[in-house]
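Undergrad:
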Amino acid sequence: MAWALVISFIIGAICGVRVPVLIFTFMIILVIAVFVATGLGLGYPTFQVFYWSVLLAAVLEAGYAVTHGLLYLIYVKGMSRREKRAGIAMKSKYSSD
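Positions 31 to 127 (my numbering) are the ones given, in order, by the sequence shown.
Written as structure tokens, this is what we have:
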């Protein structure tokens, strides 16, 4: 199951680039529903099925959130470093009176 968590994180990270949050939320709900139905249909214990479905959903969301955090750092913080503010040395056309 560890590989399932790694793959879920990677899928969440890939979806974080282009998939809107609402569509991704519907995908998460679908993943949970399919996993629960499959797990209960195969006869796994109920607690174990719900535990793993919540864990998979959390890992998918973590991948999505990490991608958004990286994009924030790249675009917002990167742009603020490139643009230098004028600062206090800027001359005004108005007098200070």
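Where a beta carbon is used, it is the ideal one built from N, C-alpha and C, also for glycine.
(1) Under DSSP, the alpha helix (DSSP H) around S83 begins and ends at which residues?
(2) Note down, in chain order, each residue of its chain lying with its Cβ closer than 6 Å to the Cβ of V89, except the 5 sequence neighbours on either side.
(3) Quick check on the DSSP output: the alpha helix (DSSP H) that includes V49 runs from which residue to which?
(4) Counting beta carbon pairs with one atom in the region 91-107 and one in the region 64-77, are three or more of them shorter than 8 Å?
(5) Excluding sequence positions up to five away, which residues of its chain have a Cβ less than 8 Å from the Cβ of H98?
TA: In terms of the structure at hand:
(1) T76 to Y102
(2) L35, S38 and F39
(3) For V49, no alpha helix (DSSP H) segment is defined, and its DSSP state is neither H nor E.
(4) With a cut-off of 8 Å on Cβ pairs, the region 64-77 is not in contact with the region 91-107, counting fewer than three such pairs.
(5) G46
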